[in-house]
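Participant: Shown below is the structure under consideration.
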Amino acid sequence: MDCKDQPIFDVTNNFTNNLLETLFLFQQTYSRFHRYIAVLLCLFGLLANSIHIWVLTRPRMRFSSVHTVLVCIAVSDMGTMSSYLIHVMISIALHAVTLYLVVLMAFIRFSAMRVSSSEWLRSRRAIIAAIGIAISVFVLCVPTLLAHEIIHRNSVSTQGTILTRYSIGFSEMMLENGCLLMKGNLWLTGIFLKAIPCVLLFVFTIALIGRMKENMEMRIKLLKVKDDKGKRDVTTYMLVLMVTVFLITELPQGVMAVLNALYTSQFHAYVYLSLADVLDLLSLINCYVAFLVYICTCSRYRQTLLLILPLVESTFL
């Protein structure tokens, strides 16, 4: 693929060649195991998110718009893992929906910490916002779906029969005029599906930490105590932890998406394709974040889970 763009690597440099060769060897080695790891992560992730939705929809947990968004995130994550087993392009769109839902959740929490009677605390508004995010992201992903086409290749087996294999590749239209349309699509997906969510996650992480510190100082002044930890702080700590994990795993992907758009020919062939399976793995791991954070940090969540377990046992036994 020659997109006539500026090179990012000096292929005459020995160190660069060794580094790129190492990436290629890593990809060749890891790709043998990726499909099995991905399937296991998807299966266990579907189970974990099913439990997550079940717990969050219990009456004692349906008290905030944050939990409503968490349910939407779990549904999106289940869609990501289900579609990953079938069509990776759909999983890309659903994962982007998850990212923006995490941003929405952080925004709702920040609004609640500023104004206790914020309109964003209503579940109905959160649902409308989540639907709007999903529609917008899928519209942005339409060019990505159109950029690919099914390619079939014929080969002759050892028995002399003709075998036809199908794969997904870039359409010829996308590679014309120095990959103009392909670069435009990479910029679109890189900026709107990766870079912007990462920037927003970073901004809201800093904002939540700052607001949490201000609220703590105000409580210390009002209540004359040094170790007061209100319920609101516990919730914010959980959200900060979730947002931070998403930021750590998504920021490298955002940087790579931008570099992929800037230096398409070399970066896409030498780096992006070599690390594509690892990026997919990070996206699948992110599907567990909400469940793991809540089950480890929220006592009400654990209590609700323990309350519904006897119901499951009595139903199936």
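Residue numbering for the sequence shown follows UniProt numbering, starting at 1 and increasing by one per position.
Built from N, CA and C at the ideal position, the CB exists for glycine as well.
Look up R60 in the DSSP assignment and say whether it is helix, strand or coil.
Facilitator: helix
Participant: Quick one: grab the DSSP three-state call for I150.
Facilitator: Shown here, I150 sits in a strand according to DSSP, grouped into three states.
Participant: Kindly indicate which three-state DSSP category K231 falls into: helix, strand or coil?
Facilitator: Low confidence applies to K231: its pLDDT is 47, below 50, so where it sits in the model is not reliable, and the reading given next is rough at best. It is helical.
Participant: Just to confirm, is the Cβ distance from L208 to L239 under 8 Å?
Facilitator: yes
Participant: Would you call the region 256-268 and the region 82-102 touching, i.e. three or more CB-CB distances under 8 Å?
Facilitator: By the C-beta criterion, the region 256-268 is judged not to be in contact with the region 82-102, since fewer than 3 inter-stretch pairs fall below 8 Å.
Participant: So, with DSSP's three-state summary, where would you put R302?
Facilitator: helix
Participant: For E250, tell me which candidate among L20, V103, Y36 has the shortest Cα-Cα distance.
Facilitator: In terms of CA proximity to E250, V103 leads the group L20, V103, Y36.
Participant: Give the C-beta separation of M113 and T236 to the nearest angstrom, bearing in mind that I take them to be a contact with Cβ-Cβ under 8 Å.
Facilitator: Approximately 7 Å separates the beta-carbon atoms of M113 and T236; this is inside 8 Å, confirming the contact.
Participant: Give every residue of the same chain whose Cβ lies closer than 6 Å to the Cβ of H34, excluding the five residues on either side of it in the sequence, and list them in chain order.
Facilitator: Within the same chain, H34 has close Cβ partners D277.
Participant: Under 8 Å, do V69 and I108 count as touching if we go by C-beta distance?
Facilitator: yes
Participant: Indicate the three-state DSSP secondary structure (helix, strand or coil) for F170 in the structure shown.
Facilitator: strand
Participant: Less than 8 Å between C-beta atoms, sequence neighbours within five positions excluded: which residues of the same chain meet that for N185?
Facilitator: P143, T144, A147, M174
Participant: Which runs of the alpha helix (DSSP H), 4 residues or longer, sit entirely within the region 183-243?
Facilitator: Secondary structure remark: continuous alpha helix (DSSP H) runs of at least 4 residues inside the region 183-243, in chain order: 196-223.
Participant: What number of angstroms, rounded off, separates the C-alpha of D280 from the C-alpha of N286?
Facilitator: 10 Å
Participant: Skipping 5 residues on each side, what residues in its chain have a beta carbon closer than 7 Å to that of C298?
Facilitator: M238
Participant: For D280, would you say it is in contact with chain C, using Cβ-to-Cβ distances shorter than 8 Å as the test?
Facilitator: Absent from the structure is chain C; it holds one protein chain and no more.
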